[in-house]
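S.K.: Residue numbers (the working numbering): 188 to 367. After the structure tokens below, expect a handful of questions from me.
See the structure below:
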């Protein structure tokens with residue numbers, strides 16, 4: 188599995204085999220040892236590929252995709268052209284919306300300025316949605332996302348099936364323990 192970890196994080200990454208914390212003493216450890224048939228470390232190694240690796244692969248390959256980068260720039264230009272010239276690259280509108288309240292020290296809907304700030308937030312959200320639709324950012328990002336997921340599944344097919352089998356067997360053992 189360490190070879191798979193290197194495929195995911197590149198050279199210089201620590202082995203996750205040694206770095207995944209899980210109980211090794213006590214009742215939780217005893218149950219995990221039984222449920223995973225003595226292969227708790229192997230389960231965590233497989234989980235790296237099945238969950239953590241997939242997440243990292245998506246993050247590294249979707250938002251960095253040249254088409255997404257270009258469309259994000261076009262989206263930002265659209266936002267600038269439609270009343271949000273202060274919006275910065277990489278700064279998501281949801282954070283900008285929070286800043287609308289924070290910058291005005293508005294922390295309650297009872298504040299008399301709340302309604303105006305809420306209206307500004309709604310304009311921001313509508314502009315974001317309109318610009319996103321105009322440049323096709325979400326549609327393209329979604330298409331690229333599924334292409335990246337498919338690529339990952341092909342690249343790590345054996346490891347993913349191994350993890351699925353490990354989890355299925357652990358689930359059966361756990362159900363048997365509960366039935367006793």
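Ideal placement from N, C-alpha and C gives every residue a C-beta, glycine not left out.
Below 8 Å on the Cβ atoms is my contact criterion, and I expect residue 327 with residue 254 to pass it. Report the Cβ-Cβ distance as a whole number of Å.
M.R.: Yes, they are in contact, since the Cβ atoms of residue 327 and residue 254 sit about 6 Å apart, within 8 Å.
S.K.: Any chance you could list the alpha helix (DSSP H) runs of at least 4 consecutive residues sitting entirely within the stretch 228 to 316, in chain order?
M.R.: Complete alpha helix (DSSP H) runs here, min 4: 241 to 249, 253 to 268, 280 to 290.
S.K.: Since I believe residue 314 is in contact with residue 266 (beta carbons under 8 Å), could you give me their beta-carbon distance rounded to a whole number of angstroms?
M.R.: Confirmed, about 6 Å.
S.K.: Let me confirm a value: residue 225 is counted as buried when at least 16 other C-beta atoms fall within 10 Å, else exposed. Which label applies?
M.R.: Residue 225 should be labelled exposed.
S.K.: For the alpha helix (DSSP H) containing residue 339, name the first residue and the last one.
M.R.: 324 to 342 is the span of the alpha helix (DSSP H), which, as asked, contains residue 339.
S.K.: Indicate the three-state DSSP secondary structure (helix, strand or coil) for residue 193 in the structure shown.
M.R.: At residue 193, the pLDDT of 49 sits below 50, so the modelled position is not reliable; the number obtained from the coordinates is stated separately. Residue 193: helix per DSSP, three-state reduction.
S.K.: To the nearest angstrom, how far is it from the Cα of residue 256 to the Cα of residue 250?
M.R.: Rounded to the nearest angstrom, the two C-alpha atoms are 7 Å apart.
S.K.: In whole angstroms, what separates the C-alpha of residue 263 from that of residue 310?
M.R.: Spanning the two alpha carbons is a distance of roughly 15 Å.
S.K.: What separation, rounded to the nearest whole angstrom, lies between the Cα atoms of residue 410 and residue 325?
M.R.: An answer regarding residue 410 cannot be provided, because it is not within the stretch 188 to 367 covered by the chain.
S.K.: In its own chain, which residues sit with a C-beta less than 6 Å from the C-beta of residue 353, not counting the 5 before and 5 after it?
M.R.: Excluding sequence neighbours, residue 353 sits near 230, 233.
S.K.: Just to confirm before moving on: does the CB-CB distance between residue 236 and residue 209 stay below 8 Å?
M.R.: Result no, Cβ atoms of residue 236 and residue 209 do not sit closer than 8 Å.
S.K.: Ordered along the chain, which non-local residues of its own chain (more than five positions away) have a Cβ less than 7 Å from that of residue 261?
M.R.: If we look at residue 261 and ignore the five residues flanking it on each side, its Cβ neighbours are 322.
S.K.: Less than 8 Å between C-beta atoms, sequence neighbours within five positions excluded: which residues of the same chain meet that for residue 332?
M.R.: So the list reads 245, 249, once near-sequence residues are dropped.
S.K.: Ignore the nearest five residues each way along the sequence and tell me which others in residue 218's own chain have a CB closer than 7 Å to its CB.
M.R.: Once the five neighbours on either side are set aside, residue 218 has no close Cβ partner at all.
S.K.: Short of 6 Å in beta carbon distance, which residues of its chain neighbour residue 343, apart from the five on each side in sequence? Order them along the chain.
M.R.: Result list for residue 343: 236, in chain order.
S.K.: Is residue 211 helix, strand or coil when you go by DSSP?
M.R.: In this structure, residue 211 counts as coil in the three-state DSSP scheme.
S.K.: If you count every other CB in all the chains shown that lies within 10 Å of the CB of residue 240, and 16 or more means buried, which is it?
M.R.: By the neighbour-count rule (16 or more Cβ atoms within 10 Å), residue 240 is buried.
S.K.: Leaving out the 5 sequence neighbours to the left and right, which residues in its chain are closer than 8 Å to residue 276 when beta-carbon positions are compared?
M.R.: 259, 260, 263.
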